[in-house]
């Protein structure tokens with residue numbers, strides 16, 4: 016009887032040891048990848064390399080944005096002691112890829128992307144009603160979200176969509192967390208990343224691009240961020256809504272104003288081909304889709320009016336293919352944020 020008991024003990028110890036090895040080697044690292052942001056620099060660089068690989072494959076016609084984002088993100092995530100949080104401001108017309116790029120950044124830096132507990136996204140009209148009576152309450156909640164996230168991790172990503180439809184005063188609450196402070200009340204915010212998406216400056220970007228492409232006859236790939244830097248900062252500060260007269264701009268706390276250029280027919284074709292492959296509807300000719308897009312200006316129509324925003328809707332409406340709406344719950348604390356993706360994944 017004693018021998019049997021001893022065998023049971025031995026078997027139990029062995030089983031426990033095997034289970035421990037399995038948890039340690041397989042389960043725990045996977046759980047850790049999903050639920051922590053404290054990862055080695057080498058792993059962060061590996062994630063960045065995947066982002067470097069995929070951005071040019073997925074985002075069309077935005078060489079300036081891709082180059083600027085890659086350099087900014089690399090510098091921030093490989094710096095163990097950044098001087099301040101990273102602040103990126105995306106500007107451009109509908110359908111040029113602003114939202115999609117923010118999704119790719121989140122997806123490549125954190126498993127699950129927008130579903131990760133370390134990625135918080137807000138949609139201006141949804142989470143910040145343009146109601147002056149709610150301003151103070153919204154500011155308090157936003158500060159609470161940021162402080163909670165910083166305590167939990169310190170390397171969170173915050174994404175604000177449709178900034179141009181938000182009250183400018185909302186962003187005054189963010190200023191202390193993106194300034195050059197080592198810590199506030201014992202919390203270090205310098206590892207955070209803030210991404211603002213806005214249509215502000217879209218007209219100015221379009222006009223400048225039109226002049227460069229038609230009057231200056233500059234090849235698109237030779238156009239660089241210096242052609243837009245001054246007008247973007249000026250428009251972001253002076254156009255009503257969003258960052259209008261914001262302390263973030265006046266105190267020079269925005270690290271990069273990034274233009275998303277109006278798309279041309281070649282880029283619409285790329286979007287159409289990608290949608291066709293993804294949806295496995297190879298019978299649809301991409302040229303037909305591109306031809307149905309409206310191009311502007313009327314006297315020399317070279318830019319797609321809605322970018323790639325309408326590519327999917329053309330597929331649905333003209334070829335009787337069902338459209339799908341994907342809903343994902345985002346982690347935004349008291350705001351109960353959610354993101355509804357309607358139409359092409361290249362939209363906005």
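Residue numbers (the numbering used here): 16 to 363.
Just so you know, even glycine gets a beta-carbon here, dropped at the ideal spot from N, CA and C.
Boundaries of the alpha helix (DSSP H) harbouring residue 90: 78-92, taken from the DSSP string. Look at residue 274 here: in three-state DSSP terms it is strand. About 18 Å separates the Cβ atoms of residue 320 and residue 303, ruling out a contact at the 8 Å cut-off. Residue pairing by DSSP places residue 102 opposite 209 in a beta bridge.
By the C-beta density criterion, residue 222 is exposed, having fewer than 16 other C-beta atoms within 10 angstroms. A Cβ-Cβ contact shorter than 7 Å links residue 219 with residue 246. Fewer than three pairs of CB atoms, one per stretch, sit closer than 8 Å, so the segment 224-237 makes no contact with the segment 191-207.
With a cut-off of 8 Å on Cβ pairs, the segment 96-108 is in contact with the segment 258-278, counting three or more such pairs. It is roughly 17 Å from the alpha-carbon of residue 127 to the alpha-carbon of residue 70. At the C-beta level, residue 133 and residue 171 come within 7 Å of one another. Put simply, the backbone Cα of residue 211 is about 12 Å away from that of residue 180. Looking at 153, 276, 217, the one whose alpha-carbon comes closest to that of residue 189 is 153. Rounded to the nearest whole angstrom, the C-alpha separation of residue 206 and residue 306 is 45 Å. In the DSSP annotation of this structure, the continuous segment of the alpha helix (DSSP H) that includes residue 114 starts and ends at 113-124.
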